[in-house]
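Below: one structure, written as structure tokens.
4 protein chains.
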Amino acid sequence: MAPAGGSGPKRGILQRLDQGEVVIGDSSFLITLEKRGYVKAGLWTPEAVVEHPDAVRQLHMEFLRAGSNVMQTFTFSASEDNMDSKWEEVNAAACDLAREVAGKGDALVAGGVCQSSMYKYHRDEARIKKLFRLQLEVFARKNVDFLIAEYFEHVEEAVWAVEVLKELSKPVAVTMCIGPEGDMHGVTPGGCAVQLAKAGADIIGVNCRFGPRTSLQTLLLMKQGLRAAGLSPHLMVQPLGFHTPDCGKGGFVDLPEYPFGLEPRVATRWDIQKYAREAYNLGVRYIGGCCGFEPYHIRAISEELAPERGFLPPASEKHESWGSALNMHTKPWIRARARREYWENLLPASGRPFCPSLSRPDV
Amino acid sequence: MAPAGGSGPKRGILQRLDQGEVVIGDSSFLITLEKRGYVKAGLWTPEAVVEHPDAVRQLHMEFLRAGSNVMQTFTFSASEDNMDSKWEEVNAAACDLAREVAGKGDALVAGGVCQSSMYKYHRDEARIKKLFRLQLEVFARKNVDFLIAEYFEHVEEAVWAVEVLKELSKPVAVTMCIGPEGDMHGVTPGGCAVQLAKAGADIIGVNCRFGPRTSLQTLLLMKQGLRAAGLSPHLMVQPLGFHTPDCGKGGFVDLPEYPFGLEPRVATRWDIQKYAREAYNLGVRYIGGCCGFEPYHIRAISEELAPERGFLPPASEKHESWGSALNMHTKPWIRARARREYWENLLPASGRPFCPSLSRPDV
Amino acid sequence: MAPAGGSGPKRGILQRLDQGEVVIGDSSFLITLEKRGYVKAGLWTPEAVVEHPDAVRQLHMEFLRAGSNVMQTFTFSASEDNMDSKWEEVNAAACDLAREVAGKGDALVAGGVCQSSMYKYHRDEARIKKLFRLQLEVFARKNVDFLIAEYFEHVEEAVWAVEVLKELSKPVAVTMCIGPEGDMHGVTPGGCAVQLAKAGADIIGVNCRFGPRTSLQTLLLMKQGLRAAGLSPHLMVQPLGFHTPDCGKGGFVDLPEYPFGLEPRVATRWDIQKYAREAYNLGVRYIGGCCGFEPYHIRAISEELAPERGFLPPASEKHESWGSALNMHTKPWIRARARREYWENLLPASGRPFCPSLSRPDV
Amino acid sequence: MAPAGGSGPKRGILQRLDQGEVVIGDSSFLITLEKRGYVKAGLWTPEAVVEHPDAVRQLHMEFLRAGSNVMQTFTFSASEDNMDSKWEEVNAAACDLAREVAGKGDALVAGGVCQSSMYKYHRDEARIKKLFRLQLEVFARKNVDFLIAEYFEHVEEAVWAVEVLKELSKPVAVTMCIGPEGDMHGVTPGGCAVQLAKAGADIIGVNCRFGPRTSLQTLLLMKQGLRAAGLSPHLMVQPLGFHTPDCGKGGFVDLPEYPFGLEPRVATRWDIQKYAREAYNLGVRYIGGCCGFEPYHIRAISEELAPERGFLPPASEKHESWGSALNMHTKPWIRARARREYWENLLPASGRPFCPSLSRPDV
């Protein structure tokens, strides 16, 4: 099955959300490409778009096949303060790659900016806005479909980003990387959301730093804050693909396992189906992922919400709902796993009896 | 750094092993491409080589960059009994993809066959040998560098495979998917290894079904059996990238988490460095991985054995030894993780306090 | 060492607390005697005081030796609504046993009442007060040193109990079995404490239902509420000897392990030393335990606070601080455990790899 | 219900076992009395029999009520080499206490000796036999019903003990504290059992050092060894009340949690019912416990084997089969736990998410 309206110009992000449609985001580029050998952990910059465009294109393709409706430009941290002179070439190449793949399916291109590394040393509005504006000029030239400002720890800087991005007259989404305790200056999630809505953001939410469950708790607080202020922007969530019930205010970077020992925390596809359903029930319509979220996790969102959307993504040709393809297995006890109840109730073992279940943030 | 001798014809697999060099294998295609959206779990066949060659090529590239010296044709289960008429096209295309990527680095092409699905119903030597011979004809035409017969539960069928593959006068490697308890007819690992060596296999070992630690236990038993029989073929190990201390004779397929809930069992890169060192110390020189082993796991083998080999793989440009790139991080407590002792001693938490550490095989 | 003032009449509970002394409570009778074979789980009544007085006397003795300054009469649930005609005999016998043992050391006798089983069906102040008054008459006749009203889920009923107990002109302590979420009608811990102080209770706190850590969180909230109201009664804490980070509002009775599978949750003596220190630092001076708290746990409180109190309890003749008696062991690696750092940092394994770390309340 | 034959002289241990009756042993004195405040860990000697006879008598009573048919004298380590001049008084007093309590029910008195502390330094048969003989003289004078030599790491010393104890013409039981790997000189369990049977022991088995499951594995090996040698003494098992799947050859003393952090490993009553059934099915008829085994664990053996024996122990008046007394609880979700399936399938959580499931022996 495929979404209606293959021909004609694509419908915009707000057109979709205003009609109550689910928009599926994409996910983890940095962590995924680090494991594939194209990104350096610790540095976390996206020079792969120019060094190894095939690897980046392939990952975009996998998200597209998994059902993503958004190809976010792989421009995380690609501003002048992190990448020196290379920044412009990287932004431009990232736009081209995203556009190329978006053209092969029902996906929009989103130009992405994130928090500066400067803010924490100099709360210099003019300089920081200039960094955003430089990236924005590339996005304007490449004519992206909408903009995302993501991964902000401080609502003040997020507001600055929104103010800049609004200059282009394209829809603006903004997500903070905060948990239920709020931003680094103590602004509550509800307070952050209200400030961002007042700054003009069309879509508001959280991304990264916390696992699915914690992120939805934060989003609920945002929603309550917005409602109390009489505001109702669209909501967006792009959590980690890791379980992090034990992290503190700073999120997963403070866990001792970050970034090279997070494997046991990776969510299963079934965990993600549950998350997608809960996000939907909470009223979120822009649902994606961040670090640790792999293509099959995006497919799990697409499959969980297929009844509402009316179609499955291309990658579901290679997957059957709730593991039902296992009924072709030769062993009867494996065929017995070809059902929803089995996977929904599985409590997967770690195979690591000498390791604990939880860690203490190492701050 | 790069291996010496970039020009001139590549040195063959036995030339390398005979000189005591480490040969790094490649790893998980089926499980990895399932997560990327190109393989169907339950079916586990490699039609992606014709349907989505870019995705397969990209994965080959990632293993090459990570240091693999072998591009194994993605022909698992691609014999006539599993793939009907498509089998020949798939085998041919897989050879071309492997050769194309192997040409970009210091890697050989290995044509791969695996156990038939027929054996367990009909121990019909003539029919089964014919299946192997058909695949072999493609490998001959495509002129692969050597051959691998892998994933055999029954030593008898593995012997048949070796006998057929030897017809081509290329080196033959053979691996069984058994654990310390031996094959499904009760032949011990040592007994299996001796039979395979007598059948003419040049390289003998295990692959799949069991995690690194268990696989090395099996290999030790094979080595002891071979030594007792006065035989000394080269040894090879390609274990799962999952921890499976709790599996029984049948291996990970019998664990309740197979195949859609294995995430918490995925090995870290540090687990794999430890495995690589232990394999090396055991005298194994062909060291790779199987299901669950991703490109960064192969890179971990390359990095662990870099002192012996004298060079690092290309993907190590994007990785620094023992996480040392973290010393660029802005947070001091994360910089403190930029050292070997930290990662070597980390006991990573699962983030899943409601889940157990071990499962009981579900047979 | 022994506390000063062996001769002369004993100093009263308030005399001690007013001077800032630590008073060590006693602990688990029901759960401990259930394991010894004298109490029936599910029924949880103290008929053992008449049926098996030796067993009850022995447990009192163990607490006394461990350092308890209070022999609480074993009269839990021994009111007319639970024990029919037997109630009076049980209350009287319990007083005699407590007095007999208290006479052998520096301990006071506390007459104890707990919530009625009637309240949840009939909030009938007169009838419930009558139940308390009947027990009080026995305590008056037996001339206990002070009174404890404990294990109240509803602050209203606790207030009634305090009002009745105050009629006797003896000091009154009162503890609720609530967690940080407050009582069953939603009154916060601070709110409960203020009501109880206003009703005239001299000592206020929590007992049972929650582990040491959670109980101290509740007590902190009580303290803050009292302080905000300008009140400063003495504080008291008698938590479970079980770890219960996973319980909900109802406490440990809702955990699936209650009451016959709680073993893996039992606190070590080191956990209890930590608890005693934290309680002390929070300003609590009446420190004891409840279900699951065994004599050696009480000894751990006595040992942790020995520097402040200036003496060790009799049972410390059979224990050396921080396991130092292990330095007599013949095995050097066991001698190496004879030190504080070892036990303070131990993360004890459960020996149960197929079990999870946490449960979900089963309500 | 009570066992038949209350009047008349008690039937002897061999009379019972020869008729296929189940004999229930007693259990943990040292560890249990350490927690009650009467034994010093590290020293592990039984001077409490003279210092605090009430405490020892009470524990005997609890085991009797729980169904023990044997009151073993609390004389562990009470030989001349450990207790100097006190040894004789302790042995005599222990006999009197055991006899006093045995007289209140259907229990026999067993005089107990254990391995010397001398053996590991001087394998001096004469001196060591003399130690045993001195204790034996007290047992002779006090006319115990039979003898137990227990806790031997070296079969040679156990044989010496049997040879001495046989001098008294009373039945002799002997247990070693070994696991499946055998004794400290490498004699297999089967080999040990054969030597002990040939030395004249009437009852042979294992005690202490390993949990129920491991102890039964050892016993199976003993049984196989005996059978192969054509011998068939009675079998006896008295394991730890702790789960120790992770201990090595030396048993639980080598685990990092020994002796002050073993709490999370304590078996539930349901674990013990399972153990009792498995022991029975293995053909063992003398079934008891050792360190960590508390009175309610002995009761669990009595309850599990009540169908075979035809009666329940006195302490079952305070316990209903499989938790059925919970059906009187006021909360419906707790009443729902009043059934066998619930407790049999419970996987109890540790409440310790920061702790691992298993430890590595610390040797």
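Protein chains in written order, with the numbering used here: chain A, 21 to 383; chain B, 21 to 383; chain C, 21 to 383; chain D, 21 to 383.
Ideal Cβ placement from N, Cα and C applies to all residues, glycine included.
Can you check DSSP and say which residues form a bridge with HIS205(B)?
-> Numbered from its first residue, the second sequence carries residue 205(B) at position 185. Looking at the DSSP assignment, HIS205(B) forms no beta bridge with any residue, so it has no partner.
Beta bridge counterpart(s) of THR288(D) as assigned by DSSP = Position 268 of the fourth sequence holds residue 288(D). According to DSSP, THR288(D) bridges with nothing at all.
Do you know whose CA, among GLY225(C), ALA118(C), ALA369(C) and GLY261(C), lies nearest ASP266(D)'s CA?
-> Looking up residue 266(D) in the fourth sequence gives position 246. Closest in alpha carbon position to ASP266(D), among GLY225(C), ALA118(C), ALA369(C) and GLY261(C), is ALA369(C).
Inter-residue Cα distance where the pair is ALA127(B) and SER88(B) = The sequence position of residue 127(B) within the second sequence is 107, counting from 1. The sequence position of residue 88(B) within the second sequence is 68, counting from 1. So the two alpha carbons sit approximately 7 angstroms from each other.
In this structure, what does DSSP give as the bridge partners for VAL226(A)?
-> As a position in the first sequence, residue 226(A) is number 206, starting the count at 1. In DSSP, VAL226(A) forms a bridge with MET196(A) and VAL257(A).
Tell me whether the beta-carbon of VAL383(A) lies closer than 7 angstroms to the beta-carbon of ASP291(A).
-> The residue given as residue 383(A) occupies position 363 in the first sequence. The residue given as residue 291(A) occupies position 271 in the first sequence. If you check the CB distance, VAL383(A) and ASP291(A) do not come in under 7 angstroms.
Beta carbon of ILE148(B), beta carbon of TRP180(B): below 7 angstroms?
-> Position 128 of the second sequence, counted from the start, is the residue given in the question as residue 148(B). Position 160 of the second sequence, counted from the start, is the residue given in the question as residue 180(B). Result yes, Cβ atoms of ILE148(B) and TRP180(B) sit closer than 7 angstroms.
By DSSP, does GLU170(C) sit in helix, in strand, or in coil?
-> As a working mapping, residue 170(C) is identified with position 150 in the third sequence. Three-state DSSP puts GLU170(C) in a strand.
Could you work out which residues of chain A lie near ARG289(B), taking near to mean beta carbons separated by less than 8 angstroms?
-> Start at 1 with the first residue of the second sequence, and residue 289(B) comes out as number 269. Result: PHE280.
For the beta strand (DSSP E) holding CYS134(C), just list the boundary residues, first then last.
-> What you label residue 134(C) is simply residue 114 of the third sequence in a count that begins at 1. CYS134(C) -> beta strand (DSSP E) spans 128-134.
Cβ separation of PRO334(D) and ARG85(D), assumed to be a contact under 8 angstroms, to the nearest whole Å = Against the fourth sequence, residue 334(D) aligns to sequence position 314. Against the fourth sequence, residue 85(D) aligns to sequence position 65. With a Cβ gap of about 5 angstroms, PRO334(D) and ARG85(D) count as contacting.
Paired residues, beta bridge with TYR306(B) - DSSP = Here residue 306(B) refers to the residue found at position 286 of the second sequence. Beta-bridge pairing links TYR306(B) to VAL43(B) and MET256(B).
Could you pull out every residue in the same chain whose Cβ sits closer than 8 angstroms to the Cβ of MET138(C), ignoring the five residues on either side in sequence?
-> By one-based count along the third sequence, residue 138(C) stands at place 118. Excluding residues up to 5 positions away in sequence, ASP101, ASP144, ARG147, ILE148 and LEU151 lie with their Cβ nearer than 8 angstroms to the Cβ of MET138(C) in the same chain.
Drop a sphere of 10 angstroms on the beta-carbon of GLU277(C), count the other beta-carbons inside from all chains shown, and report buried for 16 or more, exposed for fewer.
-> To locate residue 277(C), count along the third sequence from 1; it is residue 257. Looking at its Cβ environment, which holds 16 or more other Cβ atoms inside 10 Å, GLU277(C) is buried.
Of the residues VAL42(B), ILE33(B), VAL133(B) and LYS30(B), which one's Cα is nearest the Cα of PRO66(B)?
-> As a working note, residue 66(B) is residue 46 in the second sequence. Distances from the alpha-carbon of PRO66(B) to those of VAL42(B), ILE33(B), VAL133(B) and LYS30(B) put VAL133(B) closest.
Using the beta-carbon of each residue, which ones in chain C are nearer than 8 angstroms to SER48(A)?
-> Locating residue 48(A) in the first sequence gives position 28, where the first residue counts as 1. Neighbours of SER48(A) across chain C, judged by C-beta separation under 8 angstroms, do not exist; the nearest C-beta is about 27 angstroms away.
Start-end ranges of the alpha helix (DSSP H) lying completely within the region 37-95 of chain B, minimum 4 residues = List check, alpha helix (DSSP H) in window: 50-56, 68-71 and 73-86.
Could you name the residues of chain A that THR264(B) contacts, counting a contact when the two beta carbons are closer than 9 angstroms?
-> Indexing the second sequence from 1 puts residue 264(B) at position 244. The contacting residues are GLY371.
When we look at the beta-carbon of GLU82(C) and count the other beta-carbons within 10 Å, is it buried (16 or more) or exposed?
-> Taking the third sequence and counting its residues from 1, the one referred to as residue 82(C) is at position 62. With a threshold of 16 other beta carbon atoms within 10 Å, GLU82(C) meets it and is buried.
Distance between GLU364(A) and SER377(C) (C-alpha atoms, nearest Å) | The residue you call residue 377(C) lines up with position 357 of the third sequence. The residue you call residue 364(A) lines up with position 344 of the first sequence. Answer to the nearest angstrom: the Cα atoms are 20 angstroms apart.
In angstroms, rounded to a whole number, what distance separates the CA positions of LEU53(B) and GLU361(A)?
-> Here residue 53(B) refers to the residue found at position 33 when the second sequence is read from its first residue. Here residue 361(A) refers to the residue found at position 341 when the first sequence is read from its first residue. So the alpha carbons of these two residues sit roughly 25 angstroms apart.
Going along the chain, which residues of the region 225-256 of chain C sit with their C-beta nearer than 8 angstroms to a C-beta in chain D?
-> Those would be GLY231, in chain order.
Helix, strand or coil at PHE272(B) [DSSP, three-state] = Here the question's residue 272(B) lines up with position 252 in the second sequence. In this structure, PHE272(B) counts as helix in the three-state DSSP scheme.
Say whether the region 232-244 of chain B touches the region 334-348 of chain B, bearing in mind that this needs 3 or more beta-carbon pairs closer than 8 angstroms, one atom from each stretch.
-> Output reads no: the region 334-348 of chain B does not touch the region 232-244 of chain B.
Sheet register partners of PHE331(D) (DSSP bridge) = Here the question's residue 331(D) lines up with position 311 in the fourth sequence. Note: PHE331(D) sits in no beta bridge, so no partner.
VAL214(B) to VAL194(B) span [Cα, whole Å] = Looking up residue 214(B) in the second sequence gives position 194. Looking up residue 194(B) in the second sequence gives position 174. Answer to the nearest angstrom: the Cα atoms are 12 angstroms apart.
Under the rule that 16 or more other beta-carbon atoms within 10 Å means buried, what is ASP104(B), buried or exposed?
-> For the purposes of this step, residue 104(B) is taken as residue 84 along the second sequence, with counting starting at 1. By the Cβ neighbour-count rule, ASP104(B) is exposed, with fewer than 16 other Cβ atoms within 10 Å of its own.
Own chain residues within Cβ distance below 6 angstroms of ALA98(A), not counting five before or after | To locate residue 98(A), count along the first sequence from 1; it is residue 78. PRO66, TRP107, VAL110 and ASN111, listed in sequence order.
Under three-state DSSP, which class holds PHE262(D)?
-> Along the fourth sequence, one-based indexing puts residue 262(D) at 242. In the structure shown, PHE262(D) falls within a strand segment according to DSSP collapsed to helix, strand and coil.
Neighbourhood of GLY220(B) by C-beta, 8 angstroms cutoff - its chain only, sequence neighbours within 5 removed = Position 200 of the second sequence holds residue 220(B). Contacts found: VAL182, GLU183, LYS186 and VAL192.
Beta carbon of GLN258(D) nearer than 7 angstroms to that of GLY45(D) | Here residue 258(D) refers to the residue found at position 238 when the fourth sequence is read from its first residue. Here residue 45(D) refers to the residue found at position 25 when the fourth sequence is read from its first residue. Yes; because the gap between Cβ atoms is below 7 angstroms, this pair is in contact.
Verify the CB distance criterion: does PHE272(D) have a CB-CB separation below 7 angstroms to chain A?
-> Sequence index remark: in the fourth sequence, residue 272(D) carries index 252 (1-based). Chain A, which has no Cβ nearer than 7 angstroms to the Cβ of PHE272(D), makes this no.
Per-residue burial, GLY25(A) [other beta carbons within 10 Å of its own, 16 or more giving buried] = To locate residue 25(A), count along the first sequence from 1; it is residue 5. The pLDDT assigned to GLY25(A) is 42, lower than 50, so where the model puts this residue is not dependable; a value taken from the coordinates is nonetheless given after this. So GLY25(A) ends up on the exposed side.
Identify which residue in ALA296(D), PHE96(D), GLU314(D) and LYS338(D) has its Cα closest to the Cα of SER322(D).
-> In the fourth sequence, counting from the first residue as 1, residue 322(D) sits at position 302. Nearest option by C-alpha distance: ALA296(D).
Proximity to PRO373(D) [Cα-Cα], best of PRO209(A), THR264(A) and ALA169(A) | For the purposes of this step, residue 373(D) is taken as residue 353 along the fourth sequence, with counting starting at 1. Relative to the Cα of PRO373(D), the nearest Cα in the group PRO209(A), THR264(A) and ALA169(A) belongs to THR264(A).
Closer than 8 angstroms by beta-carbon distance: list the chain D residues that pair up with LEU367(B), in chain order.
-> Position 347 of the second sequence, counted from the first residue, corresponds to residue 367(B). Simply PRO376.
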